[in-house]
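First the structure, in the form of structure tokens, and then the observations on it.
Protein chains in written order, with the UniProt record's numbering: chain C, 1 to 496; chain Y, 1 to 496.
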């Protein structure tokens, strides 16, 4: 794109990142890293092994896995090699890896990596073309619903680690119950997936509109109403009891199998102490075709359009975003027992997994941080450095550069995060300003006379007037590391 | 690519990752992560701020930055949007970011991320098409050579953290000295870059061959010989003294400026305690055009073809790799004061930085680990889990699944990495086998009678016969977490 001036000193193109992508730095980056580190700690606690796959896959691997969303896949240019495309999610690469590695019969694998979708971005809501997914999947033949229950336990631990446990609900459903329910109500076999996707919109649209969509898709009004009666149900274990007591449903083979699974699941969720977080929600359908059993989605009040709009000062319209959509679910997944088999006919490895939408979680946590900052409770520092080494002196002051370097070096060797002004003769106020700008908590101040007798001044920055240590105190160089470490244990550190 | 069978149950394409890419998992992944974590800890210690940029950039951003290597850039397909390409390194994205963010005058930024080059892969040597770089750069106007010296201090700390400090040499040179030297010897201005790239091969080729290349590039034999005399010099500070004492060189303005920089550098390197790691090497030239001052490259004995061949049992030819190339340099960088200016005529931000070649470092460390393993000193476990919860019982044994779940849950809540057999009635030997396969150090064993009185058995796995705790001991459930934590503090943990 040529700028108006077009010549001379101007560049002939826009200086920006590609559409739907962004740079991450500073407080955003620290927050995102802290989310990753909390999540991967939980994954490891559950025996997770990290897998890293290439950012692009052969096109044939991705083909036929994503239905109509395949149009969102980024292709690499044909430069005389293999046809490749950027990965769309982390599930298909896992299935490809499992199909390739036939010695692997069981694995709990996790992967935290970027995925790519040529979708309409909505930056304010954290919906980008390049975004992170954090996936945990349990692959292998196990007794029914044990891994499924552990995945839900992981969900609770992750949101506990993020301090969001009080705001989440895990919506549960079972593909077999859903399919059986449709069958029992009289939905024709070939309409089940399309009716299912209409039902999935019940969290965004009122029943009337969903019913209209069903009728447009060719469903008889009375069948739609019958479906409607059931899919409006949501709650705890009592929903399972209602299903089992229902004459129509309990006669259906699919429903029966699904109900047996749910029976076990509720038992295991009790042992794992997560019953209070789940909602058995018969309207949950999930888009992807490959699910074969339990499905789930984690929502918060911000997931809905109203919740999100309320949390935003300015109208979200100003970002060109669809105001009818909230942040959406912040984690989702389910059981997919046949995907690996698509890659290797000899391999049948049942899988169940969860994908955390980190960018959406980030959006929510950032709002909370900004709220905290407004209320003066911010805990995020601009830099992670702990010590600033500075020097001062009178007339003819040398700047003590080599001495500052040597003291910084002493602290680095002890693993302490240290900076100093990178100039030969910095003025003292300038050095304090640099330390302040980084939110650095400690200063080590060198003076020629003190250093001559092996001492430096240690000063905690930002102490209130009148504090007994406001002016700092002298420390011998041999004890400097120890004294700094003592101070740091008492000082607010950046979140991580 | 169709397989021979071509039909029925077979897939119509190869199940693999794209050429020059690979999956990472298991011990490899744990080792790589431990390298990243050691490096980023050093980066943070020096006030580094993490930047994350998109994996692709607008093509115009990358254009004209890499000389003839531009042909190695991966383009994205034209799908009706902007022309984009996968990043080739992390330096150009940094320069683009600095140009875009005009409020940033100073920054120490680091980035650990994958880059992409459509080059001939050499897997055994860690040269891939998708590979990681770990970059640390200091941007901003500072007094001369202070940031440059800190970068070299960082190099030493990184290789100390990796336990490789005894095997590295940092080769140093200065572009101004090199250019001045060529000028003083009579190399014509327009041949300086091409002669420079011939000189750069002196670490791989004997002088005769390098001289031949120079002559082929049109240099007179006696000029080549004069250049040869100088570029064979390498050593410590004495090289600088020799340059200053040399009549021909000391008269050259470029050499004079470079020598002043080197004078300061040696002073600062002494304060930072890294003098013993550097070698002032007049043959070091570095390929990229954008360097303007100090340049450096970190080498190990494995960097050379002979060193690498010696370290490999099988001939490296069997991998189709060029046997004339070693692992190469394992870190490299230099000062580039004009790159940001290429993106924004209004911005002139001097930069100096280093890029660590993690995949090459990985290759070297993995060889060492394998050597250790052969000698029975392996410290890497297959899994990171710390506890396996199991149960046993006599005839009519229920399997105690819910009880195992509940105990696992108790440990998870305390942050302890715990697994259990995901089946209803696992046999005891099967459970021990699972724990063993993962190298898990502790077992918590449930028996119905013990659990009835609130006790479980804690057992350290792999203890020698006759050890007093070989059979484990009973612990009450209230004290279980505390006892496990005590044990873990005494047990070998995986490297990280």
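Glycine residues also receive a C-beta, built at the ideal position from the N, C-alpha and C atoms.
All of these numbers come straight from a predicted model, not from anything done at the bench.
- Bounds of the alpha helix (DSSP H) holding residue 401(C) are 401-413.
- Relative to residue 59(C), the option among 93(C), 483(C), 261(C) and 381(C) whose CA is nearest is 93(C).
- Listed along the chain, the chain Y residues whose CB falls inside 9 Å of the CB of residue 268(C) are 401, 402 and 405.
- The three-state secondary structure of residue 29(Y), taken from DSSP, is helix.
- Residue nearest to residue 301(Y) within the set 167(Y), 255(Y), 366(Y) and 334(Y) is 167(Y) (criterion: CA-CA distance).
- Taking a Cβ-Cβ cut-off of 7 Å, the neighbours of residue 60(Y) in chain C comprise 13, given in sequence order.
- Exposure of residue 105(Y) is indicated by the presence of fewer than 16 other C-beta atoms within 10 angstroms of its C-beta.
- Per the Cβ contact rule, the segment 153-161 of chain Y is in contact with the segment 30-48 of chain Y (3 or more Cβ pairs under 8 Å).
- For the segment 45-56 of chain C, residues whose beta-carbon sits nearer than 9 Å to a beta-carbon of chain Y comprise 45, 46, 47, 48, 49, 50, 51, 52, 53, 54, 55 and 56.
- At a cut-off of 8 Å between C-beta atoms, residue 271(Y) counts as an interface residue with respect to chain C.
- Contact between residue 51(C) and residue 109(C) holds: CB atoms are separated by about 5 Å, below the 8 Å threshold.
- In terms of Cα proximity to residue 129(Y), the closest of 172(C), 71(C), 81(C) and 432(C) is 81(C).
- Residue 395(Y) sits exposed, since fewer than 16 C-beta atoms from the chains shown fall within 10 Å of its C-beta.
- Taking one beta carbon from each stretch, the segment 454-464 of chain Y and the segment 435-446 of chain Y have 3 or more pairs nearer than 8 Å; the two touch.
- Only exposed fits residue 470(C), as fewer than 16 other CB atoms lie within 10 angstroms of its CB.
- Residue pairing by DSSP places residue 110(Y) opposite 50(Y) and 136(Y) in a beta bridge.
- Counting along the chain, residue 418(Y) sits inside no alpha helix (DSSP H); it lies in the beta strand (DSSP E) bounded by residues 418-420.
- Interface with chain Y (8 Å Cβ-Cβ cutoff): residue 19(C) is included.
- A Cβ of chain C is located within less than 8 Å of the beta carbon of residue 118(Y).
- One thing to note: residue 416(Y) has its Cβ no nearer than 8 Å to the Cβ of residue 475(Y).
- The bridge partners DSSP lists for residue 169(C) are 299(C).
- At a C-beta separation below 9 Å, residue 257(Y) has no neighbours in chain C, since its nearest C-beta there lies roughly 17 Å away.
- For residue 92(C), no beta strand (DSSP E) segment is defined; the enclosing uninterrupted segment is the alpha helix (DSSP H) at 91-100.
- Shortest Cα-Cα distance from residue 411(C) to any of 368(C), 488(C), 19(C) and 131(C) involves 488(C).
- Counting of Cβ neighbours within 10 angstroms places residue 188(C) among the exposed residues, the total staying below 16.
- For the segment 417-435 of chain C, the set of positions with a beta-carbon nearer than 8 Å to some beta-carbon of chain Y reads 417, 418, 419, 422, 423 and 424 in chain order.
- By alpha-carbon distance to residue 103(Y), the top candidate from 140(Y), 112(Y) and 117(Y) is 140(Y).
- Membership of residue 255(C) in any beta strand (DSSP E) is not indicated; the residue belongs instead to the alpha helix (DSSP H) covering 253-271.
- Going by beta carbons, residue 434(Y) and residue 387(Y) fall outside the 8 Å limit.
- If you draw a straight line from the Cα of residue 451(Y) to the Cα of residue 463(Y), it comes to about 24 Å.
- DSSP lists 174(Y) as the beta-bridge partner residues of residue 294(Y).
- With the rule of 3 Cβ pairs closer than 8 Å, the segment 345-357 of chain Y counts as touching the segment 133-147 of chain Y.
- For the segment 353-374 of chain Y, no residue has a beta-carbon sitting nearer than 7 Å to a beta-carbon of chain C.
- If the five residues before and after residue 176(Y) are omitted, its C-beta is found closer than 6 Å to the C-beta atoms of 254, 257 and 258, all from its own chain and listed in chain order.
- Contact between the segment 213-232 of chain C and the segment 270-277 of chain C is absent, with fewer than three C-beta pairs closer than 8 Å.
- In the displayed model, residue 440(C) falls within coil according to three-state DSSP, outside both helix and strand.
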